[in-house]
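Chains A and B are the protein sequences, given in the same order.
Per the numbering used here, residue -17 is the first one in the first sequence, and the count goes up by one each step.
Per the numbering used here, residue -1 is the first one in the second sequence, and the count goes up by one each step.
Virtual Cβ for every residue (Gly too), placed ideally from N, Cα, C.
Just so we're clear, the structure is a prediction, and the values are computed from it rather than from any experiment.
Written out below as structure tokens is the structure these notes cover.
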Amino acid sequence: MAQAAGNRRERRRKTWSSLGDLGRKPTEYEVVTHGMNHTAGETPLEMGPDVHGNVWLKKYRDDIALKVDNWDEFRDPDQLTYGKYVRLQDEQEAYVDNLLEEYTERRPSDETLSSAALACLGSCLTPGRYLVHGQQMMAAYIQQIAASSYVANGASFQAADQLRRVQRIAYRTKQLDLAHPTHGFGSNERGIWESDPLWQPMREATERLLVTFAWDEALIATNLVVKPICDDIFLRQFARVARSLDAGLDALIADNLYRDTERHQRFATAACRHAIAADRANRDVIWGHVEAWQEAGEAIVVAGAKLVAQHADGMVAGEVEAELRSAWQQLQRDAGLTHDA
Amino acid sequence: MALLNRDDWYDIARDVDWSFSYVDRDEAFPEAWVGANGIPPEAWEDWEEPFRVSYRDYVKVQREKETGVGAIRDAMIRADLYAHLDPGHRASSHLHMGTTCMVEQMAVTMQSRFCRFAPSPKWRSLGVFGMLDEIRHAQLDLRFSHDLLKDEPRFDWCQKAFHTNEWGVIAVRNFFDDVMLNAGCIEAALATSLTVEHGFTNMQFVALASDAMEAGDINFSNLLSSIQTDEARHAQVGFPTLDVVIKHDPARAQRIIDVAFWRAFRLFQTLTGTAMDYYTPVEKRKMSFKEFMLEWIVKHHERILRDYGLKLPWYWDKFLLALDHGHHALHIGTWFWRPTLFWKPNGGISPAERRWLNEKYPSWDDSWGVLWDQIIENIRAGRMDKTLPETLPALCNLTQLPLGSAIDRHHLGKQQVEYEGRVYHFDSDVSRWVFELDPARYAGHMNVVDRFIAGQIQPMNLEGGLNWMGLTPDVMGDDAYDYRWARDEAEQPLQAAE
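Rendered as structure tokens:
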């Protein structure tokens, strides 16, 4: 045993052999995230090359235009681990619980909402659960064919955030229905999502995303075009309108949910910058996908601006459009898509 | 206005399906990923969550669990417990971490597949919690193993194993790549969630946690128990899926479950049978592997089949025969080919252990003892070369396990199929039956021996094979007790303990 102990000392390992020589102690995030995709080989799954799963991964993950050899060197700027994620989101959810308590029990507000406010909530907030469920499906897809666990885990947390938002929307939908049972809260939303002309660009883009299977296009169209514009409309701009209509609770919840969006944007822009740093040709690939979705994004900007601005006195759709475009362009710059980046 | 309970708003949150009009819905939910196989879309409206959980409650409860596991981890690191653990128990933990951690991460992707492609929006939403749970399990395993790297390089295989070609890992990878990552949602739910997770691993984690506690490995035990509380919840998604499939295509349900049960059982024999009946110190064994299987796995499986109006698999007699022998075959095989392992198996054939084996398996001496006698004789004669392999074992083209490893020497028989000009070999007629159900699915794969014969492993000898499998001297398997159980009976601590 003494000899065995001696041998143990000689070959004492500090971290995973696959991390190589980092020249520093790996972070907790790296320890639990590194190299956890075993499907990176020539034949992704341990099956014949022609089975469905292998054909799908080859076509939509390996044979795409975006070429990055070192996704395992990518790091999530927020360095989320499971433990950190549930801690972070428990705090955010406790905050929302407090808001609900404050606005429901200490100074009830739903009963005093104006008809303008109710119209705004029924048109801009409650139908959102369909859109956000679409975003949840897209984040899950980005997870499942990501080339590295560093990317996949981030996408998983994004998908979970989207479920958080669906459930908070559902919660508010029910509260509004109880306070205003004749307004169709909880029953009108599907019709609005499927038929309201101002929601159609969002629905069309969501459905088109759901048939976009190439991983690079799915990631970029979701996280650099459709989702950031929609989140800007239905969280940030919506909060402004809600505040102006004294729907303070929904404004505050939207503000809080937008923190998730900001994290998703840090993650997606970092992923794009990583891809561009790995190979400058990737900048054109990413641009190509943004351009392919430009028209869809523009249609969402125009419709979304109208959708929120119609509910607020003094809010001009053109100005909202300008803000949306400006934020969208900033996001593209953050992703490394300008020539001087 | 009052605050709401979960059930007040839950129905709204899961009502998130809509009628597509800009693209074809079938294109957005491709049959290969859904796997409905003709079950109409409206049938999935009957899919009901087997449990309800809100995101808000999930993060709260899971945060508390993480805090609990973390506190024990910190205490155990300070206690430096690992150095005092029994070598047989250590082998079980190396084997567990190397073969399980990546499967947990693969399960993240399977759950994520549910979140994207499941035919019911309720299932797509519930999948999110399964996906998060599985990230947790992989990360708990990784953190646990990383903490112990300073004591034991074999824990590197927690992260590394699935990036190698180690043959046992290939067997595990082949099965789970198939039923988790290649299968559509419906098959994955029946094969993985219902049969493997709910049927096997859920109970295995309870047993393993108890064994670990018995061995004094409080940290490992606590980790397994904490994982099991998540697993017991999310593995239930198999049941509502089975409810729907039974109504529309019971024959398919029977087939998927029968295939998964056999394949899961064969891996279970390899990974759990050997650990329970050989690695665990004999005085700590509470049940034999067979007793555990009959009490916890078989009864449970029979009950599910009965409750859903399904039949016992046609191969039940063969299964019961394999239950007597398969893990003994796999134990002698893995021990003999120990340089191809990344853990140190315990031969474990001291007189006391032998008595225990014969008590639990009355034909053990006749089936297996005679083979071990020869090994013991060679060890005592100093002929260690005769206790070690010179080449690789022939492997099954379905399970990837050695031919002959499902039964004992009295029941050996050739099981072959020729398909599109190639001959395939099987460890049993059950494995051959599985292959013949869907040959295109399995035929394109080459097992380790196929690759060896095709010249993909160079040089073409055991050394070349070990190198190809990624086995380095610091982890390569050898006997856990340095052959003390064989060399001299007087030295055997187990006998002395009697």
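Annotation: the continuous alpha helix (DSSP H) that includes B/His135 extends over 119 to 146.
Secondary structure at B/Pro279: coil, using DSSP grouped into helix, strand and coil.
Burial is judged here by how many other beta carbons sit within 10 angstroms of a residue's own beta carbon; B/Trp16 has at least 16 and is buried. Against chain B, the beta carbon of A/Val207 has no neighbour under 8 Å; the closest one sits roughly 16 Å away. In the three-state reduction of the DSSP assignment, B/Pro151 falls in the helix class, which pools H, G and I. Between A/Val207 and A/Gly279, the alpha-carbon positions lie close to 6 Å from each other. By the rule that beta-carbons nearer than 7 Å mark a contact, A/Tyr112 touches chain B.
Only residues of its own chain outside the window of five on either side were considered, and among them Pro337, Thr338, Met474 have a CB closer than 8 Å to the CB of B/Leu464, listed in chain order.
Taking C-beta atoms as the reference points, B/Asp425 and B/Ser403 count as a pair closer than 7 Å.
A buried status is given to A/Trp53, since no fewer than 16 other beta-carbon atoms sit within 10 Å of its beta-carbon. By the criterion of a C-beta distance shorter than 7 Å, A/Tyr132 is surrounded in its chain by Thr15, Trp53, Asp54, Phe56, Arg57, Asp58, once the five residues flanking it on both sides are discounted. Interface annotation for the stretch 15 to 32 of chain B against chain A: Asp15, Trp16, Ser17, Phe18, Ser19, Tyr20, Val21, Asp22, Arg23, Glu25, Ala26, Phe27, Pro28, Ala30, Trp31, criterion Cβ-Cβ distance under 9 Å.
Between the beta-carbon of B/Asn344 and that of A/Glu28 there is about 28 Å, and that puts the pair past the 8 Å contact cut.
Counting along the chain, B/Arg54 sits inside the alpha helix (DSSP H) bounded by residues 53 to 77.
In its chain, beyond the 5 residues on either side, Thr(-3), Trp(-2) have a beta carbon closer than 8 Å to the beta carbon of A/Val13.
Uninterrupted alpha helix (DSSP H) stretches at least 4 residues long and entirely within the stretch 274 to 324 of chain B occur at 287 to 290, 297 to 305, given in chain order. Inclusion of A/Gln149 and B/Tyr53 in the CB contact set at 7 Å is warranted, their separation being smaller than that value. Going by DSSP, A/Arg150 is part of the alpha helix (DSSP H) stretching over 131 to 161. C-alpha of B/Glu62 to C-alpha of A/Glu244: approximately 26 Å in a straight line. If you check each beta-carbon in the stretch 144 to 174 of chain A against every beta-carbon of chain B, the ones closer than 7 Å belong to Leu145, Arg146, Val148, Gln149, Ala152, Tyr153, Thr155, Lys156, Gln157, Leu160, Ala161, Gly168, Arg172. Judged by DSSP in its simplified three-state form, B/Arg420 adopts strand. Closer than 7 Å to the CB of A/Ala250 there is not a single CB belonging to chain B. Considering only A/Asp266, A/Glu176, A/Ala128, A/Asn205, the residue with the shortest C-alpha distance to A/Ala47 is A/Asp266. In the displayed model, A/Gln74 falls within a helix according to three-state DSSP. Excluding residues up to 5 positions away in sequence, Gln157, Leu158, Ala161 lie with their Cβ nearer than 7 Å to the Cβ of A/Asp92 in the same chain. In the DSSP assignment, the residues bridged to B/Gln414 are B/His423. Counting of Cβ neighbours within 10 angstroms places A/His115 among the buried residues, the total reaching 16 or more. Apart from the 5 residues on each side of it in sequence, B/Ala441 sits with its Cβ closer than 6 Å to the Cβ of Tyr417 in its chain, given in chain order.
Residue burial annotation: A/Lys49 is exposed, with fewer than 16 other C-beta atoms found within 10 angstroms of its C-beta.
For a Cβ distance threshold of 8 Å, residue set Asn172, Asp175, Asp176, Asn180, Arg439, Tyr440, Gly442, His443 of chain B lies close to A/Met29, ordered along the chain.
Counting other Cβ atoms within 10 Å of its Cβ, B/Gly380 stays below 16 and is therefore classed as exposed. The alpha-carbon of B/Asp241 is positioned some 10 Å away from that of B/Pro248. For B/Pro400, the secondary structure class from DSSP, reduced to helix, strand or coil, is strand. Short of 6 Å from the beta carbon of B/Trp294, and not among the five residues preceding or following it, lie these beta carbons of its own chain, in chain order: Met201. Measuring C-alpha to C-alpha distances from A/Glu10 to each of B/Ala189, B/Glu46, B/Met129, B/Leu140 identifies B/Leu140 as the nearest. The beta-carbon of B/Arg88 is placed no less than 7 Å from the nearest beta-carbon of chain A.
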